[in-house]
Amino acid sequence: MDNTMTLTKKVALIHSFEPEPDAAVNILLTLQQATKDAYVDEASARLVADYVGLTLANIYELVSYYPALNEQPQARYVLTFCHSAPCAVSDNGFIEKTLHQILGIDEGQVTDDGLLAYQGVACVGACEQAPFIKIKDHIFPNLTTDKIQQLVADLKAGHFDDIL
Amino acid sequence: MITRQPLTSRFGRVKDITDVAAYEQLQGYEGLNQVLDATETQNLNTLIEGALWSRSGNGTNVAVDCQEVLTNEAETKYIICNADEGEPGTFKDKALLRSDPLAVIEGMTIAAYLTHAQVGYIYVRGEFRDLILELMQTIENCRAAHLLGKSIFDVPGFDFDIKISESAGAYVCQEPAALFNAMSGATGRPGGRVTPTKAGFYKQPTLVEDAETFANLPVLYRLGAKAYQSLGTSESGGTKLVCLTGQVKNRGLFEVPIGLELTTILNDPEFGGGSQDGTPFKFIHLGGQSGMILPAENITDLIYSPEALQAEHLTMGTGAIVAATEAVNILDYLVPVARFFMDESCGKCPACRIGTVRIYEALQTLQKQEGVPGDLTRLAHMVDHVASQASCFVGQVVANPIFSAMAAFPEEFKAGVDWQAEVVKEVPW
Ligand code: SF4
Ligand code: FES
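As they're listed, the protein sequences go chains A and B.
Quick note: to get the numbering used here, add 254 to the position in the first sequence (first position is 1).
Quick note: to get the numbering used here, add 21 to the position in the second sequence (first position is 1).
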């Protein structure tokens, strides 16, 4: 986080919210999304805690409780797939296996170059497009093994740098 | 001639969904105008006669809730649109916010007028960045057009504004007690029962509904109670947004009149269009993960209305319907269902925290056909235990999909057990 956002920018972003405890999650999510490593580092957590009037422990409780907040730096591209039942009926089970094969890592691990990781998540409301992979706001729908291979190659080649 | 699909009638027809003028050209704010022209009693009567039930799955009557918030005196009252929508297989509220956010905002504004509430929140998943930015823009545009803020429509004292509260994802936040905690900056765990209309957000009278329910309010007031109610049944007015997923040919969002046959929703080319490979359906999972699993032969006469389903001890839930053919083994289906409850248990009650893990493991064992005699009874006991000891709906509803599936497909459960194996005697708790 530190390497992508100056302290001044970070503080400006935090100050664009109201200094109330109920703004904590909004701020943390916005900060996390504005940074390259997509996680809440300790310095930022401290800034948010002081600003909204919560303790650092409160902030870390939020970060560890909610699946959308990360305690650790994330890969450049986290490929999420759905592990809820409706998508399983749409036969999306091959996604995890395919990614494991292509990337040679387990779920939650990051490739050595820091570029790719994959993660199962609960329904993201794109069930009608299953089998899909979601990266940030972007859905890659109706996938096959070949299409996943292509997607990974494209990501490595930087083809999606502008949208993701 | 009124449209039979008023909730989705603007979908795809407006270039800029944040544009108030474009919304107004397509009958936007006609509902609120009607409300402002009528008396308080007339407005409440319209709500009662329109027979609008909450679309969020909690089955409450919106007129009753509004009346309670209205009569409970407080300095600040809240209108909360819970659009977090964590129920797997459901995407109707996201669709509404993405395609017609002003309908939801108009609905919240109507609710504010009816209940004298001043502060509104839309609670929405923070990871949907694009959606949140669009919502912010829409709210800004409303303020600029005096449709939010002070003296809305130049009515003195009609002050109402909306903020966005971002969710970081927790299914248990469908429970109002957890939702209020989450929105106030604490972790979203339920802390005892609350009655939102009396002591809701910050202990003030609060109306909590999902986006679909709010989007119904402008339709109800624009059409009038009679016309609105006649879209549905005599007991439940209006239409319902249904999310079809699984092995139906046409997966996606459909707006159906309440009171339609369930088989029509699944098989009619206008809706689900039958199964993808043309084979008959084996089962459906009705209303979300917390709903019942029904063998297809049992749904032939079912009517899709709250009252007809209730008579069969079923609910519409969030409007999710997952359909599967013979190709899907019931255990393969249930394992991810159980995993969902395990992942979403907030950990407060030991029975739910540990029991949902045990249920998930037991189903996996059966799925691998590694069960031993006694496992099915143990599974049933465990499900019973979790459902009876859980302090909120998350643990309580686990029993619905599992017991209904066990009743419908006992053979598939039995096939998960190696009946030659030694009986393991073990007290589950
Ligand atoms: S039932 Fe489960 S989700 Fe609900 S409060 Fe208890 S542990 Fe949390
Ligand atoms: S169930 Fe997978 S996205 Fe909804």
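By construction, the Cβ of each residue, glycine as well, lies at the ideal position given by its N, Cα and C atoms.
All of these numbers come straight from a predicted model, not from anything done at the bench.
Query                                                                                                                    : Result
Near the ligand SF4: B/S366 beta-carbon under 7 Å from a heavy atom                                                      : yes
Neighbour list for B/Y453 in chain A, Cβ cutoff strictly below 9 Å                                                       : Beyond the ends of chain B as shown, which are 22 and 450, falls residue 453 of chain B; an answer cannot be given.
Same chain, Cβ closer than 8 Å to B/T321, five either side skipped, listed in chain order                                : T284
Neighbouring residues, chain B, relative to A/N280 (Cβ below 8 Å)                                                        : G147, I185, S186 and E187
Contacts of B/T29 in chain A (Cβ-Cβ under 8 Å)                                                                           : Here the premise fails: no neighbours, minimum Cβ distance about 15 Å.
Under 9 Å from the C-beta of A/P321: neighbouring residues of chain B                                                    : A189, G190, A191 and D364
Chain A contact for B/A345 (CB, 8 Å cutoff)                                                                              : yes
Stretch pair the region 291-308 of chain B + the region 271-283 of chain B: three plus CB contacts closer than 8 Å       : yes
3-residue-minimum beta strand (DSSP E) runs that sit fully inside the region 146-220 of chain B, ordered along the chain : 182-188
Cβ-Cβ separation, B/T336 to B/G80 (assumed contact under 8 Å), whole Å                                                   : 7 Å
Residue-chain proximity (B/V404, chain A), Cβ-Cβ < 8 Å                                                                   : no
At least three beta-carbon pairs within less than 8 Å, the region 234-242 of chain B to the region 48-64 of chain B      : yes
Contact check, B/T254 vs B/S77, beta carbons under 8 Å                                                                   : no
Segment limits, alpha helix (DSSP H) that includes B/Y99                                                                 : Run containing B/Y99: none in the alpha helix (DSSP H); it sits in the beta strand (DSSP E), Y99 to N103.
Three-way DSSP call (helix, strand, coil) for A/Y293 in this model                                                       : coil
Own chain, CB closer than 6 Å to B/Y381, minus 5 neighbours either side, in chain order                                  : A359, R360 and M363
Proximal residues of chain A, C-beta to C-beta of B/G141 below 9 Å                                                       : Residues of chain A passing the Cβ test: none, with the nearest at roughly 14 Å.
Neighbourhood of B/A442 by C-beta distance below 6 Å, restricted to the same chain and skipping five residues each side  : V393
Distance CB(B/E108)-CB(B/Q310) smaller than 8 Å                                                                          : yes
Nearest residue (CA-CA) to B/Y44, options B/T159, B/T67, B/S409 and B/F414                                               : B/T159
Whole beta strand (DSSP E) elements within the region 342-409 of chain A, 3-residue minimum                              : 370-375, 387-389 and 392-394
Positions along the region 330-341 of chain A whose CB lies within less than 9 Å of some CB in chain B                   : C336, H337, S338, A339, P340 and C341
The region 334-354 of chain A touching the region 367-380 of chain A, judged by at least three CB pairs closer than 8 Å  : yes
Interface positions of the region 266-278 of chain B facing chain E (Cβ-Cβ less than 8 Å), listed along the chain        : Within the model displayed, chain E is absent; protein chains A and B are what it includes.
Cβ pair count under 8 Å reaching 3, the region 287-302 of chain A against the region 264-271 of chain B                  : no
Straight-line Cα distance separating A/I268 from A/M259                                                                  : 12 Å
DSSP-derived helix/strand/coil call for A/A329                                                                           : coil
Under the three-state DSSP convention, the category B/L397 falls into                                                    : helix
For B/H306, the residue or residues it bridges with in DSSP                                                              : B/I314 and B/V343
Member of B/S205, B/E94 and B/N350 whose CA lies at the smallest distance from the CA of B/I185                          : B/S205
Whole-number beta carbon distance between B/T97 and B/Q139, since they are thought to touch under 8 Å                    : 6 Å
Proximity test, Cβ basis, 8 Å: B/K224 and chain A                                                                        : no
Distance, B/E70 Cα to B/K452 Cα                                                                                          : It is not possible to answer for residue 452 of chain B, since the shown part of chain B is limited to 22 through 450.
Proximity below 8 Å, CB of B/K303 to CB of B/T346                                                                        : yes
A/C381 Cβ short of 7 Å to the ligand FES heavy atom set                                                                  : yes
Any non-hydrogen atom of the ligand SF4 within 7 Å of B/R360 CB                                                          : no
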